[in-house]
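Read the structure below first, then the notes.
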Amino acid sequence: MARLAVRRRNRCANPPLLFRRRRSLSHCVRPTVRTLIFGGAGFVGLNIAETLLRAGQEVVTFDRSPIPAAATDAFAALPGCFTALTGDVTDEAAVASAVSAGTDLVVMGAAITAGRERDASDPATTLKVNLLAQVPILAAARAAGVRRVVNLSSAAAYGTAGERLPELDEATPGDPVGLYAITKWASERVGARLGDLWGLDVVSLRLSGVFGPWEHATGVRDTLSPHCQVLAAAVAGEPAILPRPGLRDWIYAPDVADAVLAVAGAGTLGHGVYNVSTGRRFTLLDWGQRLAQAFPGFVCRLAEPGEAATIDFHGPSDRAPMAVARIAQDLGWAAKTEGLGSADRLAAWWHTHGRTMETGR
């Protein structure tokens, strides 16, 4: 029996019992597009769900974690139809049950963002969730006649190439090191191979350093974004002390969601892999100082010599920026959010929704 718990968009505090199949939403008229998001309770998945709902689509999320109450409330005000399924992406029966006939788009976003310690202590789970679970999802998508599968990959797939080259385009050979990076690179290759063999339209999106609304500690991300850490410090009234300025082509999560929406609505695509980035760089130091305008008394600064930093960049150096010419040419897509302006937007979001969200502290 597929272990699926179904939550209606009626703000119930607890999901009902386990069901063999999804129950319909009593107050929704079936929209023209249905998207299933694996890993939908993660912050990137939540941003994608929110954007698709705002566009009037039907969205189904699948995750072992519940949807945060603040997100459920926010989604209830949007025009689309929303259903949350609770299940384990490694449960093949649950996956097959979730990918029902009539699903147009599947987003593969379930992942363990493993750090060094988890790589050493539990590599098997990372491989199961990030890579092996992909095969049953693709098989279910083929059986259900899904139009397109979007694989959320990562700039981590470039690995050490990001330390050697001035810019990274989709043809740059990857050199991943950590298990998260390795599985993201491999997920692109597996998706392309099975898509070709099975007649599936599979496209991989390599996401730059993502931050923004709905980010919270879920237990599957060892590497909360530096921006989330800075926001947590601001909320706690503590200084954010950085080991370096942190220059990178960071991208605001709603822009990632817009890219997924563009891919979902596109016709035949010219390529199977696209970088999703701003194409512009800014420092976390400047971003944190801009955020301070919304949190009086908050300080974001560099560590003094010998002083311990409180913000973790999850690496000793800053990756090269990713080229965005391909996605601009094929889809006409470009990130809308100005780098430092995202601090204003995230502060406004936090004052509306974030007070009820975990911020990682």
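In our numbering, the protein residues as written are 23 to 383.
Glycine included, each C-beta is placed from N, C-alpha and C at the ideal position.
Note that the structure is a prediction, hence the values are computed from the model and not measured.
Identify whether residue 134 lies in helix, strand or coil by the three-state DSSP scheme.
coil
Residue 333 by DSSP, collapsed to three states: which one?
coil
Bridge partners for residue 80 per DSSP, in chain order?
56, 103
Distance, Cα to Cα, residue 236 vs residue 267?
24 Å
Under three-state DSSP, which class holds residue 112?
Coil at residue 112, not helix or strand.
Hey, quick one: how far does the beta strand (DSSP E) through residue 172 stretch, first residue to last?
170-176
If contacts are defined as beta-carbon pairs under 8 Å, then residue 176 and residue 228 qualify, I think. What distance do you get, rounded to the angstrom?
6 Å
Between the Cα of residue 162 and the Cα atoms of 212, 184, 118, which residue gives the shortest distance?
118
Grab the span of the alpha helix (DSSP H) containing residue 388 for me, first residue to last.
Coverage of the chain is limited to positions 23 through 383, which leaves residue 388 absent and any answer about it impossible.
Excluding the 5 residues flanking residue 291 on each side, which residues of the same chain have their C-beta closer than 7 Å to its C-beta?
225, 352
Can you tell me which of 158, 188, 88 puts its alpha carbon nearest to the alpha carbon of residue 111?
158
Helix or strand or just coil, what does DSSP make of residue 291?
coil
Name the residue from 72, 166, 231, 68 whose alpha carbon lies nearest to the alpha carbon of residue 99.
In terms of CA proximity to residue 99, 72 leads the group 72, 166, 231, 68.
For residue 288, I'd like the list of residues in its chain whose CB is within less than 7 Å of its CB, leaving aside the five on either flank, ordered along the chain.
Cβ neighbours of residue 288 beyond the five flanking positions: 353.
Can you list, in chain order, the residues of its chain with a C-beta nearer than 6 Å to that of residue 286? Leave out the 5 residues immediately preceding and following it.
127
What would DSSP say about residue 376, mapped onto helix, strand or coil?
helix
Tell me, which residues are paired with residue 127 by DSSP?
57, 170
Since I believe residue 61 is in contact with residue 106 (beta carbons under 8 Å), could you give me their beta-carbon distance rounded to a whole number of angstroms?
That belief does not hold up - the Cβ atoms of residue 106 and residue 61 are roughly 12 Å apart, past 8 Å.
Among the candidates 168, 249, 198, whose CA atom is the shortest distance from the CA of residue 334?
Distances from the alpha-carbon of residue 334 to those of 168, 249, 198 put 249 closest.
For residue 336, collect the residues of the same chain with a Cβ closer than 6 Å to its Cβ; drop the 5 residues on either side in sequence, then sort them by chain order.
Cβ neighbours of residue 336 beyond the five flanking positions: 245.
Take the Cβ of residue 373 as the centre, count every other Cβ of all protein chains shown within 10 Å, and call the residue buried at 16 or more, exposed below.
exposed
Rounded to the nearest angstrom, what separates residue 70 and residue 253 at their Cα positions?
21 Å
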